[in-house]
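Engineer: Here you go, one structure.
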Amino acid sequence: MVTDNDKGVSRRAAMIGAAGLTAAAVVPVRAAATPPLAADDEAGWARIAAQYPVTRAITQLENAYWGSMATPVQGAHRAILEKLNRDNSWYARRAMVKDQAAARERAAAAMGVEPEEMAFCRNAAEGLSALISQFRDVGPGDRILYSDTDYESTQGAMVSLARSRGAEAVKIRLPRSVTHDNVIAAYAAAIAATPKLKLVLLTHMSHRAGLVLPVAAIVPLARARGAQVIVDAAQSFYQFDFKLPDFGADFVGMNFHKWVGAPVGVAGIWIRKGHTDAIAPSPAEPNAPVTSVEARVHQGTVDYAAQLTVPAALDFQRTIGNPAKLARLQYLRNRWVAPLRGQDGLEILLPDDVRLHGATTSFRIRGRTSVADNIAITDALLDRFGIMTVYRSGLSDGACVRVTPSLFTTPAEVDRIVPALRTLASELAR
1 MVTDNDKGVS
11 RRAAMIGAAG
21 LTAAAVVPVR
31 AAATPPLAAD
41 DEAGWARIAA
51 QYPVTRAITQ
61 LENAYWGSMA
71 TPVQGAHRAI
81 LEKLNRDNSW
91 YARRAMVKDQ
101 AAARERAAAA
111 MGVEPEEMAF
121 CRNAAEGLSA
131 LISQFRDVGP
141 GDRILYSDTD
151 YESTQGAMVS
161 LARSRGAEAV
171 KIRLPRSVTH
181 DNVIAAYAAA
191 IAATPKLKLV
201 LLTHMSHRAG
211 LVLPVAAIVP
221 LARARGAQVI
231 VDAAQSFYQF
241 DFKLPDFGAD
251 FVGMNFHKWV
261 GAPVGVAGIW
271 IRKGHTDAIA
281 PSPAEPNAPV
291 TSVEARVHQG
301 TVDYAAQLTV
311 PAALDFQRTI
321 GNPAKLARLQ
331 YLRNRWVAPL
341 RGQDGLEILL
351 PDDVRLHGAT
361 TSFRIRGRTS
371 VADNIAITDA
381 LLDRFGIMTV
391 YRSGLSDGAC
401 VRVTPSLFTT
411 PAEVDRIVPA
421 LRTLASELAR
């Protein structure tokens, strides 16, 4: 039996819990830098870089895996972890509900959507897998479309969806020498040539070569044929300046632990209001309300501290501003791409059209297209030159090596890869 005294304890617990989190962990909202930092303002970016306690033992040019937390974000995360460890279920089952709602509101605002339209998940792969595998409107004889630039697990989810429904998964290869117009034309041709098309997967920014698709130009092509679109914004969210509805699609998955700089293990999905029923609930929640986005990606017990740190991460990013951040990242990317463009034996996989790239661009040494070749290249870059990169496989024309600077990367660090690649190209090109 719950007494009035018990209720009083519950209310006090909630108040104490909320106050403790606010005092210890929330970074005050700050306005964006005014004026925004210029891409080559080295003194200004040095101040930003100083907020990242990262190693300088190697040159870190593999920053598309996840984003390092800035010092104030790390401090907020630590305080929340300490609170969760100290107060345990007393906090988690009482006051944390309000804190979770506040974090969800901040996350939704950053996405440009309503809180009830989004749900947290642990990573974009998990969220996108749910959106794809639980998409209702695919049946026997239907077709779904994806490309070689899409992420491995989302490609796998598309194949599994087709197999489970008696449908056909159509995989297309995007042009090797990509331009803004020919990538749109490639999707237009594929969509037009695919009867009974029900679903198209579009990856806004590929994790392989770094290609940025003109998603907003492709979505209407699919809609005109009666197909729905799911957008993978895992690599692009908060690297570029956009809101999720800008794509024109109804379903998007994205990460908070990459370019937002939240702790590893927090991402989100968005389903446009009125379209939730197009995605079946998680099998764990068969009786979920039609309108519940959270029921589409069942979580269980998760890393609550990561989710609750999202507001602090957004606060820090607000002090920089997304347009300034993108300009800086593209500036750093161009410092290594420009001097190596046209280098004998070396292929840069993306053009310099700013619409088609952000921080990430991959390269390939001529004749070295196998996974083993590109693992060896990344090993050589690290062991001989102290530069961390990563190989990527899955493109139709072979494996490659991905290079991604971050906000803490200095121009001098980026410059180190130029002579290294000239040396390796001269040694390894066939």
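Residues 1 to 430 in the UniProt record's numbering are what the sequence shown spells out, letter by letter. Note that CB positions come from ideal geometry on N, CA and C, so glycine has one too.
Is it the case that the CB of glycine 394 approaches a heavy atom of the ligand FMN more closely than 7 Å?
Structural biologist: You won't find the ligand FMN in this model; it holds no ligand whatsoever.
Engineer: Can you tell me where the alpha helix (DSSP H) with tyrosine 187 in it begins and where it stops?
Structural biologist: In the sequence shown, counting from the first residue as 1, residue 187 sits at position 187. Taken as a continuous stretch (DSSP letters only), the alpha helix (DSSP H) holding tyrosine 187 covers 180-192.
Engineer: Rounded to whole angstroms, what is the Cα-Cα separation between phenylalanine 120 and glutamine 317?
Structural biologist: For the purposes of this step, residue 120 is taken as the residue at position 120 of the sequence shown. For the purposes of this step, residue 317 is taken as the residue at position 317 of the sequence shown. Taking the straight line joining both Cα atoms gives about 19 Å.
Engineer: Going by C-alpha to C-alpha distance, which of Arg384, Leu356, Leu381, Val390 sits closest to valine 371?
Structural biologist: Residue numbering aside, residue 371 sits at position 371 when the sequence shown is read from its first letter. Of the listed residues, the one whose Cα sits closest to valine 371 is Val390.
Engineer: Distance, Cα to Cα, glycine 386 vs leucine 202?
Structural biologist: Along the sequence shown, one-based indexing puts residue 386 at 386. Along the sequence shown, one-based indexing puts residue 202 at 202. Rounded to the nearest angstrom, the two C-alpha atoms are 35 Å apart.
Engineer: Just the C-alpha distance for alanine 24 and alanine 101, rounded to the nearest angstrom, thanks.
Structural biologist: Along the sequence shown, one-based indexing puts residue 24 at 24. Along the sequence shown, one-based indexing puts residue 101 at 101. At alanine 24, the pLDDT of 37 sits below 50, so the modelled position is not reliable; the number obtained from the coordinates is stated separately. Taking the straight line joining both Cα atoms gives about 18 Å.
Engineer: With distances taken from CA atoms, which of Arg430, Gly141, Phe408, Thr360 is nearest alanine 50?
Structural biologist: Reading the sequence shown from its first residue, position 50 is the one you call residue 50. It is Phe408 whose Cα lies nearest to the Cα of alanine 50.
Engineer: Quick one: what's tyrosine 146 bridged to in DSSP?
Structural biologist: Taking the sequence shown and counting its residues from 1, the one referred to as residue 146 is at position 146. Its beta-bridge partners are Lys171.
Engineer: Quick check: the Cα distance between aspartate 99 and phenylalanine 240, rounded to an integer number of angstroms?
Structural biologist: Numbered from 1 along the sequence shown, position 99 holds the residue referred to as residue 99. Numbered from 1 along the sequence shown, position 240 holds the residue referred to as residue 240. C-alpha separation (whole angstroms): 28 Å.
Engineer: Among Ile348, His357, Ile80, Arg122, which has the Cα closest to the Cα of alanine 327?
Structural biologist: The sequence position of residue 327 within the sequence shown is 327, counting from 1. For the residues Ile348, His357, Ile80, Arg122, the minimum Cα distance to alanine 327 belongs to His357.
Engineer: Roughly how many whole angstroms lie between the Cα atoms of asparagine 166 and arginine 208?
Structural biologist: As a position in the sequence shown, residue 166 is number 166, starting the count at 1. As a position in the sequence shown, residue 208 is number 208, starting the count at 1. Note that residue 166 is glycine in the sequence shown, not asparagine. Each residue's alpha carbon lies about 30 Å from the other.
Engineer: From lysine 325 to proline 245, what distance separates their C-alpha atoms?
Structural biologist: To locate residue 325, count along the sequence shown from 1; it is residue 325. To locate residue 245, count along the sequence shown from 1; it is residue 245. In a straight line, the C-alpha of lysine 325 is about 21 Å away from that of proline 245.
Engineer: If you reduce the DSSP assignment to three classes, tell me which class serine 129 lands in.
Structural biologist: As a position in the sequence shown, residue 129 is number 129, starting the count at 1. The answer is helix: DSSP assigns serine 129 an H, G or I state.
Engineer: For glutamate 347, count the other beta carbons within 10 Å of its own beta carbon; 16 or more makes it buried, fewer makes it exposed. Which is it?
Structural biologist: In the sequence shown, residue 347 corresponds to position 347, counting from 1. Glutamate 347 comes out buried.
Engineer: Run the CB neighbour count on glutamate 413, radius 10 Å, all protein chains shown included, and call it buried at 16 or more, exposed below.
Structural biologist: Along the sequence shown, one-based indexing puts residue 413 at 413. Its Cβ being crowded by 16 or more others within 10 Å, glutamate 413 is buried.
Engineer: Could you tell me the alpha carbon to alpha carbon distance between serine 133 and valine 200, rounded to whole angstroms?
Structural biologist: As a first step, residue 133 must be located in the sequence shown, where it is residue number 133. As a first step, residue 200 must be located in the sequence shown, where it is residue number 200. Cα to Cα, serine 133 sits roughly 13 Å from valine 200.
Engineer: Grouping DSSP H, G and I as helix and E and B as strand, with all else coil, what is proline 28?
Structural biologist: The residue labelled residue 28 in the question sits at position 28 within the sequence shown. Caution is warranted here: a pLDDT of 42 is assigned to proline 28, below 50, making its placement in the model unreliable, and the coordinate value is therefore given only provisionally. Note: proline 28 maps to coil in three-state DSSP.
Engineer: So, with DSSP's three-state summary, where would you put arginine 430?
Structural biologist: Mapped onto the sequence shown, residue 430 falls at position 430. If DSSP states are grouped into helix, strand and coil, arginine 430 belongs with coil.
Engineer: Could you pull out every residue in the same chain whose Cβ sits closer than 6 Å to the Cβ of methionine 205, ignoring the five residues on either side in sequence?
Structural biologist: Walking along the sequence shown from the start, residue 205 turns up at place 205. Contacts found: Val212, Gln235, Ser236.
Engineer: In three-state terms, what does DSSP make of glutamate 105?
Structural biologist: Reading the sequence shown from its first residue, position 105 is the one you call residue 105. Reduced to three states, the DSSP call for glutamate 105 is helix.
Engineer: In angstroms, rounded to a whole number, what distance separates the CA positions of alanine 39 and alanine 186?
Structural biologist: For the purposes of this step, residue 39 is taken as the residue at position 39 of the sequence shown. For the purposes of this step, residue 186 is taken as the residue at position 186 of the sequence shown. One C-alpha to the other measures close to 33 Å.
Engineer: Please determine, among Arg56, Ala70, Gly248, the residue with the shortest C-alpha to C-alpha distance to glycine 112.
Structural biologist: For the purposes of this step, residue 112 is taken as the residue at position 112 of the sequence shown. Closest by alpha carbon: Gly248.
Engineer: In angstroms, rounded to a whole number, what distance separates the CA positions of cysteine 400 and proline 220?
Structural biologist: Numbered from 1 along the sequence shown, position 400 holds the residue referred to as residue 400. Numbered from 1 along the sequence shown, position 220 holds the residue referred to as residue 220. Each residue's Cα considered, the two are about 32 Å apart.
Engineer: According to DSSP, asparagine 255 sits in a beta bridge with which residue or residues?
Structural biologist: Within the sequence shown, the letter at position 255 stands for residue 255. Answer by DSSP bridge pairing, in chain order: Ala267.
Engineer: Please classify isoleucine 58: does DSSP put it in a helix, a strand, or coil?
Structural biologist: Indexing the sequence shown from 1 puts residue 58 at position 58. Note: isoleucine 58 maps to coil in three-state DSSP.
Engineer: Whole angstroms is fine: what's the gap from valine 27's alpha carbon to proline 72's?
Structural biologist: Residue mapping note: residue 27 aligns to position 27 of the sequence shown, counting from 1. Residue mapping note: residue 72 aligns to position 72 of the sequence shown, counting from 1. With a pLDDT of 42 at valine 27, under the threshold of 50, the modelled position of that residue is not reliable, and no figure is offered here.
Engineer: Please report how far the alpha carbon of arginine 163 lies from the alpha carbon of arginine 223, in whole angstroms.
Structural biologist: Start at 1 with the first residue of the sequence shown, and residue 163 comes out as number 163. Start at 1 with the first residue of the sequence shown, and residue 223 comes out as number 223. Going by the C-alpha atoms only, they are around 23 Å apart.
Engineer: For valine 401, does the three-state DSSP call read helix, strand or coil?
Structural biologist: Against the sequence shown, residue 401 aligns to sequence position 401. Strand, per DSSP.
Engineer: Mind checking which residues open and close the alpha helix (DSSP H) that includes arginine 341?
Structural biologist: As a first step, residue 341 must be located in the sequence shown, where it is residue number 341. Here arginine 341 belongs to no alpha helix (DSSP H), and DSSP marks it neither H nor E.
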